[in-house]
Amino acid sequence: MTTPPISRESLPADKHLSLRVMAMPADTNPSGDVFGGWIMSMVDIAGSIPAIRRAKCRVVTVAVNSFTFKQPVSVGDLVSFYAKVESVGRTSVTVDVVVFAERGHAEPVFVKVTEARLTYVAINEAGEKSPIPAA
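Per our numbering, residue 24 is the first one in the sequence shown, and the count goes up by one each step.
Pasting the structure below:
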């Protein structure tokens, strides 16, 4: 299933641009597409940024609630990761991450390539769960 290209103005205004990286040849699988594990790793990093900001302490990934690959990522794509805190529990933060690939230089095209939801748990210096302060 392919998703149609969108305009720059249609990128998610309700989410924070958390991370932006260029896909490189070393990130590819044997088929020449960017390896899904690389994208998952970048999604985890991008999602952790708003989780850390909200928890005001270190967080660890406790669950990947959902992860959908919509289109492949290619070498040279500028990959942007938009993240938003969706819910906060006593010790956990759930974050949605949407990923877009920017393709082309003269007239860039933006394509949604991945959507994910991850849950992080706040921990203290001893590695124990830590309550998240009120907003």
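The beta carbon of each residue, even a glycine, is placed where N, CA and C say it ideally should be. On a predicted model such as this, the values are computed, not experimentally measured, just so you know.
Alpha-carbon to alpha-carbon, residue 44 and residue 52: As a first step, residue 52 must be located in the sequence shown, where it is residue number 29. As a first step, residue 44 must be located in the sequence shown, where it is residue number 21. Between residue 52 and residue 44, the C-alpha separation is close to 17 Å.
7 Å Cβ shell around residue 156 - same chain, five flanking residues per side excluded: Residue numbering aside, residue 156 sits at position 133 when the sequence shown is read from its first letter. For residue 156, where only same-chain residues beyond five positions count, the Cβ hits under 7 Å are 79.
Residue range of the unbroken beta strand (DSSP E) whose run includes residue 86: For the purposes of this step, residue 86 is taken as the residue at position 63 of the sequence shown. Note, residue 86: beta strand (DSSP E), 82-92.
Nearest-angstrom beta carbon gap, residue 98 and residue 35 [assumed within contact, 8 Å]: Here residue 35 corresponds to residue number 12 of the sequence shown, with the count starting at 1. Here residue 98 corresponds to residue number 75 of the sequence shown, with the count starting at 1. With a Cβ gap of about 25 Å, residue 35 and residue 98 do not count as contacting.
Inter-stretch contact (C-beta, 8 Å, three-pair minimum) for the region 123-143 and the region 57-76: yes
Reduced DSSP secondary structure (H/G/I, E/B, other) of residue 71: For this step, residue 71 is matched to residue 48 along the sequence shown. Helix, per DSSP.
Reference residue 33, options 69, 123 and 77, closest by Cα: What you label residue 33 is simply residue 10 of the sequence shown in a count that begins at 1. Cα-wise, what sits closest to residue 33 is 123.
Short Cβ contact (9 Å threshold) for residue 70 with residue 103: Taking the first residue of the sequence shown as position 1, residue 70 is located at position 47. Taking the first residue of the sequence shown as position 1, residue 103 is located at position 80. No. Outside cutoff.
Through-space distance from residue 147 to residue 27, alpha-carbon basis: By one-based count along the sequence shown, residue 27 stands at place 4. By one-based count along the sequence shown, residue 147 stands at place 124. Cα to Cα, residue 27 sits roughly 43 Å from residue 147.
For residue 106 and residue 116, the rounded distance between their alpha carbons: Along the sequence shown, one-based indexing puts residue 116 at 93. Along the sequence shown, one-based indexing puts residue 106 at 83. If you take the alpha carbons of residue 116 and residue 106, they lie about 12 Å apart.
Coarse secondary structure for residue 113, derived from DSSP in three states: By one-based count along the sequence shown, residue 113 stands at place 90. Note: residue 113 maps to coil in three-state DSSP.
Delimiting residues of the beta strand (DSSP E) encompassing residue 133: Taking the sequence shown and counting its residues from 1, the one referred to as residue 133 is at position 110. Counting along the chain, the beta strand (DSSP E) containing residue 133 begins and ends at 132-145.
Straight-line Cα distance separating residue 55 from residue 112: Taking the first residue of the sequence shown as 1, we reach residue 112 at position 89. Taking the first residue of the sequence shown as 1, we reach residue 55 at position 32. Near 40 Å, if we compare the C-alpha coordinates of residue 55 and residue 112.
Nearest residue (CA-CA) to residue 121, options 110, 135 and 84: Taking the first residue of the sequence shown as position 1, residue 121 is located at position 98. Here the closest residue by C-alpha is 135.
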